[in-house]
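If you read the sequence shown in our numbering, its first letter stands for residue 17, the second for the next number, and so on.
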Amino acid sequence: MDILSSLPLEWVPIYPMNRKDVVFDVFKHHISYKDGLPPYAQARIIDLITNRLIKARQYPTLWVSVDAPGDWYVVEVKRLVKKKIPMTVQPAWKTIVIERNFSQSIHPTYLREGDLPILAPRFDPADYGIKESVLRVLQIMARLKTAYRPEIASLAGFSESHIRNLLKQLQAENLIERRRIGKYEGYAIRTKGLKLAHRSWNIPKGVHFEKHRGEFRYAGERHRRVSRRWRAWLEAAHPNIEILESWTEAPLFYGIPDALIWGRKGEHEILFWLEVDSGHSSKKVMRRNYSHRFQNAYQHAKRLGISIVFCIMGPPWVVRFFPSCIPYLYPNMTIIGQDWRAFGKLPFYETGGWFSGIDNRKKYPTEKPLPFDPSQYPPKPKKKGISTKPKSTKPKYSKGFDDADWWYRGSSEREE
């Protein structure tokens, strides 16, 4: 079997000598930030394609076209990919590349008859009769494996009523199924759905992508629920932020945040880095972990020249203790903290400071006002007390002594 026939690429040769038999063997791969994959997973797909090209061609070259607004997504893919062959990562609006755009010098390839590559077609949703909104939910489910409806709605950026209809369509096609997750009913993706999601990402057939696809670390149920709803949380608290995409447990070049939002405020790109702490660790462990993670976030912001809002969520004592875990506050970093029960509430923030939502919170931030006046209803009648028998003054296990006395008394009477 021809290896190239399993690669959904586009062949775009460059003719350096104005001869049809001498070319730079350039293959083009298309990716988009709307695919539901973080830059790390996209970089691993590029590595898998590179390995196949090395086996199939003598001097292959790869051109990665990234459909994404701004610069962060393109730069992060470029930093995470392993450049085993001459490669260039360019935004989608760039339609022409030249030799000096590639990471290495390119060796010319001398074509012979039959050397023209036969490639697999790229994925088109219309060929499978699936809408883009339905495909987006399926791609998110491929990362999560199992999830509740509010979590899927948050990551997809849709309302829960719209998500309910999309999930019904996926169930009708046997791509997902209802499944009990812990105490409640949720959704799980089926093998048929995983295959279609892999096909939509233009992953070559026969490669193992599972370890790169999903969430990177294991987390408890509540920890996972908070991190998966980070996008909906931020949208409710700061509606002026334009959210481009969000992921959970997405590895970056530095660190692995529990949840990451890539957005814009005006013309400036900004990252919202979330860390969720259940409060089960000691203060010593928290200082060690968070000083290291905050340093990773700072290195990421410093290299790219981008602002990062670092958010800590957990029980109130964790949020109050968190400032002591940070040795120094950098100018392009902002730290905010909030109780993980106060959904949709975040403090107002400015660059270069620490802002907590704990001090101004209510005792029970999740309580909501009742839609009716409870005083208009009569009080609930009290239950009549049931008279109880007085407790016995005998020891708890006194029956044995009574039996023993009866046996001795009976024996003495028989002897007389």
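For each residue, glycine too, the CB sits at the ideal point set by N, CA and C.
All values reported here derive from a predicted model rather than from experimental measurement.
Checklist entry - Using CA coordinates, which residue listed in His284, Phe232, Leu290 and Leu212 is at the minimum distance from Trp249? => result Here residue 249 is taken as the residue at index 233 of the sequence shown, counted from 1. Among His284, Phe232, Leu290 and Leu212, the Cα nearest to that of Trp249 is on Leu290.
Item to check | For Tyr344, the nearest candidate out of Tyr306, Phe364 and Ser323 (CA to CA) | outcome: Working through the sequence shown from its first residue, we reach residue 344 at position 328. That would be Tyr306, whose Cα lies nearest to the Cα of Tyr344.
Item to check | Distance cut-off 7 Å: Arg241 Cβ against heavy atoms of the ligand SAM | outcome: As presented, the structure is devoid of all ligands, the ligand SAM included, so that no description of it is given.
Checklist entry - In the DSSP assignment, what residue or residues form a beta bridge with Phe288? => result Counting from one through the sequence shown, the residue named residue 288 turns up at place 272. The partner list for Phe288 (beta bridge, DSSP) reads Ile277 and Val325.
Checklist entry - On the three-state DSSP scale, how would you describe Trp467? => result The first residue shown for the chain is 17 and the last is 432, placing residue 467 beyond what the model contains.
Item to check | Residue closest to Thr350, alpha-carbon to alpha-carbon, out of Glu226, Leu20, Gly321 and Cys327 | outcome: Translated into the one-based positions of the sequence shown, residue 350 becomes position 334. Comparing Cα-Cα distances from Thr350 to each of Glu226, Leu20, Gly321 and Cys327, the minimum goes to Cys327.
Item to check | Bounding residues of the beta strand (DSSP E) (the contiguous stretch that carries Glu258) | outcome: Mapped onto the sequence shown, residue 258 falls at position 242. Where Glu258 is concerned, the enclosing beta strand (DSSP E) stretches over Glu258 to Thr264.
Checklist entry - Quick one, which of Gly209, Ala163, Arg195 and Ile179 has its alpha-carbon nearest Arg238's? => result Indexing the sequence shown from 1 puts residue 238 at position 222. Comparing Cα positions, the closest option is Ala163.
Checklist entry - How do the segment 37-52 and the segment 124-135 stand: do at least 3 beta-carbon pairs fall below 8 Å, yes or no? => result yes
Next on the checklist: Strictly under 8 Å for the Cβ-Cβ distance: is Arg245 near chain D by that measure?
Outcome noted: Structure shown: chain D not included; a single protein chain is present.
Checklist entry - With a cut-off of 8 Å, do at least 3 Cβ pairs link the segment 53-71 to the segment 87-103? => result yes
Checklist entry - Just curious, the alpha helix (DSSP H) that Glu4 is in, first and last residue? => result Lying outside 17 to 432, the shown extent of the chain, residue 4 is not represented and no answer is given.
Checklist entry - Quick one, which of Pro363, Arg165 and Met329 has its alpha-carbon nearest Asp355's? => result As a working mapping, residue 355 is identified with position 339 in the sequence shown. Closest by C-alpha distance to Asp355, out of Pro363, Arg165 and Met329, is Met329.
Checklist entry - Which whole-angstrom value is the C-beta distance of Asp293 and Val334, which I expect to be below 8 Å? => result Counting from 1 along the sequence shown, the entry for residue 293 is found at position 277. Counting from 1 along the sequence shown, the entry for residue 334 is found at position 318. Yes, Asp293 and Val334 are in contact; Cβ-Cβ is about 5 Å, under 8 Å.
Next on the checklist: Run through the DSSP bridge pairs and tell me what Met349 is partnered with.
Outcome noted: Against the sequence shown, residue 349 aligns to sequence position 333. Met349 is bridged to Ile324.
Next on the checklist: DSSP three-state label for Tyr380, please.
Outcome noted: Along the sequence shown, one-based indexing puts residue 380 at 364. Here the model assigns Tyr380 a pLDDT of 47, short of 50, so the residue's position is not dependable and the matter cannot be decided.
Next on the checklist: What does the Cβ neighbour count give for Glu167, buried or exposed, with the cut at 16 atoms within 10 Å?
Outcome noted: Within the sequence shown, the letter at position 151 stands for residue 167. Answer is buried; the Cβ neighbour count reaches 16.
Item to check | First and last residue of the uninterrupted beta strand (DSSP E) at Lys44 | outcome: Translated into the one-based positions of the sequence shown, residue 44 becomes position 28. Per DSSP, Lys44 belongs to the beta strand (DSSP E) from Asp41 to Ser48.
Next on the checklist: On the criterion of 16 or more Cβ atoms from any shown chain inside 10 Å, does Arg35 qualify as buried, or is it exposed?
Outcome noted: Along the sequence shown, one-based indexing puts residue 35 at 19. Under this definition Arg35 is an exposed residue.
Checklist entry - Are the Cβ atoms of Ile65 and His46 separated by less than 8 Å? => result Position 49 of the sequence shown, counted from the start, is the residue given in the question as residue 65. Position 30 of the sequence shown, counted from the start, is the residue given in the question as residue 46. Contact flag unset, no.
Checklist entry - Name the DSSP beta bridge partners of Ala204, please? => result Here residue 204 refers to the residue found at position 188 when the sequence shown is read from its first residue. Thr162 and Glu193.
Checklist entry - Does the segment 210-226 touch the segment 153-163, meaning 3 or more C-beta pairs lie closer than 8 Å? => result yes
Item to check | Straight-line gap, Gly173 to Phe43 (C-alpha atoms, nearest Å) | outcome: Counted from its first residue, the sequence shown places residue 173 at position 157. Counted from its first residue, the sequence shown places residue 43 at position 27. Going from the Cα of Gly173 to the Cα of Phe43 covers about 33 Å.
Checklist entry - From which residue to which residue does the alpha helix (DSSP H) around Gln106 run? => result Indexing the sequence shown from 1 puts residue 106 at position 90. First-last for Gln106: Met103 to Pro107, but that is the beta strand (DSSP E), not the alpha helix (DSSP H).
Item to check | First through last residue of the alpha helix (DSSP H) which encompasses Ser81 | outcome: Indexing the sequence shown from 1 puts residue 81 at position 65. Looking at the DSSP string, Ser81 is not in any alpha helix (DSSP H); the run it does join, the beta strand (DSSP E), is Pro76 to Asp83.
Next on the checklist: Alpha carbons only, please: which of Ile197, Glu189 and Lys199 is nearest the one belonging to Lys208?
Outcome noted: As a first step, residue 208 is located in the sequence shown; it is residue number 192 there, counting from the start. Cα-wise, what sits closest to Lys208 is Glu189.
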